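Using the working numbering, you'd call the opening residue of the sequence shown number 591 and step up by one each time. Presented below is the structure to which this report refers.
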Amino acid sequence: MVLCLAEVLGMAGTMTFPALLPAFFAQWGIGNVEAGWINGVFHGGYVAAVPVLVTLTDRVDPRRIYLFSTAISAIALLGFALFADGLWSASLYRAIGGVGLAGTYMPGLRILSDNTGGPRQGRYLSFYTACYALGSSTSVLLAGLVGGAMDWPAAFTASAAATAVALVLAWWGIPRTGPERVVSPQALLDFRPVLRNRAAMGYILAYSAHCYELFGLRAWLVAFLAFAFAYDRGAVSDGGIPAVVTMLGTVILLLGLPASILGNEAATRFGRRRFLIGIMTGSAALACFVGFSAALPFWLAVIIVGLYGITVTADSASLTVGAVTNAAAGQRGATMAVHSFLGFTAAFVGSVAFGGILDLAGGGASLLAWGLAFAAQGAVVALGPVALMVLGDMGAVRQR
591 MVLCLAEVLG MAGTMTFPAL LPAFFAQWGI GNVEAGWING VFHGGYVAAV PVLVTLTDRV
651 DPRRIYLFST AISAIALLGF ALFADGLWSA SLYRAIGGVG LAGTYMPGLR ILSDNTGGPR
711 QGRYLSFYTA CYALGSSTSV LLAGLVGGAM DWPAAFTASA AATAVALVLA WWGIPRTGPE
771 RVVSPQALLD FRPVLRNRAA MGYILAYSAH CYELFGLRAW LVAFLAFAFA YDRGAVSDGG
831 IPAVVTMLGT VILLLGLPAS ILGNEAATRF GRRRFLIGIM TGSAALACFV GFSAALPFWL
891 AVIIVGLYGI TVTADSASLT VGAVTNAAAG QRGATMAVHS FLGFTAAFVG SVAFGGILDL
951 AGGGASLLAW GLAFAAQGAV VALGPVALMV LGDMGAVRQR
């Protein structure tokens with residue numbers, strides 16, 4: 591529980607920029623591609639750091655990596671609050687924040703997996719993974735409350751303070767040493783054994799398609815709800831963020847917590863690969879309707895987006911548990927590194943591509959543009975079931 595609470599507080603700044611995106615459109619005059627870049631470069635920083643930081647957990651106590659990276663996250667948020675004033679300065683601090691997340695999210699999962707075992711381990715891992723949704727929704731809520739009452743620098747400062755609390759909590763609550771590790775004789779960044787592990791790679795590639803969809807939704811959710819809210823009233827968004835939009839965005843993201851946990855339970859009961867193929871196919875189909883739902887009454891659009899939020903996150907924990915539990919002995923850290931690297935590379939591309947499609951199809955005030963941007967996410971996530979069917983669990987012990 592301490593680790594999960596530290597995860598939630600440590601993620602307080604991950605969604606601050608996307609939650610306040612309409613305000614940045616108005617104040618900085620940035621376009622959709624630039625907004626997508628600032629959103630996506632966070633994942634770019636994550637991708638740059640995660641191969642080293644997560645693979646190091648095979649060799650050093652992940653607690654040290656976790657504490658250092660939490661401090662980096664807090665510094666990045668405070669730097670954004672004090673010095674960000676446009677595309678490049680914002681990108682710098684967002685990228686540093688991504689480095690911080692790279693050293694906390696998967697290393698935290700490693701700490702948990704090292705200190706648990708038996709039939710309940712998958713359940714523990716799924717709960718930790720699901721807490722990512724709680725951290726994201728908490729970040730949106732904090733940004734909306736503080737940003738609405740004051741301004742965006744205050745929202746980033748509040749997020750930095752919450753992350754500092756996470757640092758203290760982690761220092762106090764995470765064990766200093768874990769069980770003895772079986773270290774692979776492979777070089778630190780030699781990922782060839784992981785790439786040859788067909789069972790793990792099926793889940794990893796499907797996770798990449800999932801991340802493209804998931805983080806595209808998270809990056810653009812508040813902006814889309816603001817568009818749908820204004821569209822329902824026959825107006826154009828002026829950059830303001832109605833309180834109802836922030837609250838609804840928080841609730842939709844929060845739905846990811848039970849969806850992820852219950853999704854893993856369903857996968858355990860009905861078969862992991864079978865469940866994942868079904869839920870990802872359903873999510874791909876629903877994505878084709880989400881953007882166009884803004885033409886419906888706002889309350890109905892919110893219901894559709896909420897259902898989409900459930901299908902998007904229902905596979906999250908199950909994909910990660912599948913990859914981790916199929917890792918070879920001595921390769922758990924390396925497997926997590928490849929899992930995160932490919933997943934968050936897709937997240938980076940997804941955030942930027944979403945903004946690019948918006949601009950190419952008519953801009954953020956166009957219903958068609960939003961419809962096509964979400965449909966593109968559906969096309970990508972449909973590749974996940976293909977990876978699972980082609981690779982699946984062939985050549986390895988079947989995941990239970």
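We put the CB at the ideal spot given by N, CA and C, even for glycine. Keep in mind that this is a model prediction, so the values were computed, not measured.
In this structure, does DSSP put residue i in helix, strand or coil?
i      : result
Thr706 : coil
Arg766 : coil
Leu595 : helix
Asp648 : helix
Leu860 : Residue identity differs from the one stated: residue 860 is Phe in this sequence, not Leu. Here Phe860 sits in helix by DSSP.
Ala666 : helix
Pro641 : helix
Gln989 : Bear in mind that the predicted position of Gln989 carries a pLDDT of just 40, short of 50, making it unreliable; the figure below should be weighed with that in mind. Three-state DSSP puts Gln989 in coil, outside helix and strand.
Leu845 : coil
Pro975 : helix
Ile831 : coil
Gly953 : coil
Phe781 : coil
Gly603 : coil
Met870 : helix
Leu958 : helix
Gly621 : coil
Ala965 : helix
Quick check: the Cα distance between residue i and residue j, rounded to an integer number of angstroms?
i      : j      : result
Ala666 : Phe860 : 43 Å
Ala849 : Asn629 : 24 Å
Leu890 : Ala820 : 14 Å
Ala602 : Gly868 : 32 Å
Pro697 : Pro887 : 43 Å
Ser663 : Val623 : 25 Å
Met591 : Phe717 : 10 Å
Gly725 : Leu958 : 31 Å
Ser906 : Thr871 : 14 Å
Ala750 : Met979 : 43 Å
Asp949 : Gly621 : 8 Å
Ala692 : Ser659 : 8 Å
Ala613 : Gly954 : 14 Å
Indicate whether at least one CB of chain C lies closer than 8 Å to the CB of residue i.
i      : result
Ile851 : No chain C appears in this structure, which consists of one protein chain only.
In the DSSP assignment, find the unbroken alpha helix (DSSP H) run with residue i in it and report its ends.
i      : result
Pro612 : 611–618
Ala799 : 788–822
Leu890 : 888–903
Gly688 : 677–692
Ser883 : Segment: none, Ser883 is in no alpha helix (DSSP H) and carries neither H nor E.
Asp949 : 922–950
Leu981 : Per DSSP, Leu981 belongs to no alpha helix (DSSP H) and is neither H nor E.
Gly737 : 711–739
Gly912 : 906–915
Quiz item: If you pair each beta-carbon of the segment 882–895 with each one of the segment 593–604, do three or more pairs fall below 8 Å?
Solution: no
Practice problem: Would you check if the segment 833–849 and the segment 810–819 touch, i.e. whether three or more CB-CB distances between them fall below 8 Å? | Solution: yes
Quiz prompt | At least three beta-carbon pairs within less than 8 Å, the segment 698–706 to the segment 877–892 | solution = no
Quiz prompt | Three-pair Cβ contact test at 8 Å for the segment 756–764 versus the segment 629–642 | solution = no
Exercise. May I ask you to verify whether the segment 965–976 touches the segment 672–681, counting CB pairs closer than 8 Å and requiring at least 3?
Key: no
Quiz item: Given 8 Å as the limit, is there contact between the segment 931–938 and the segment 798–806, that is, 3 or more CB pairs closer than that?
Solution: yes
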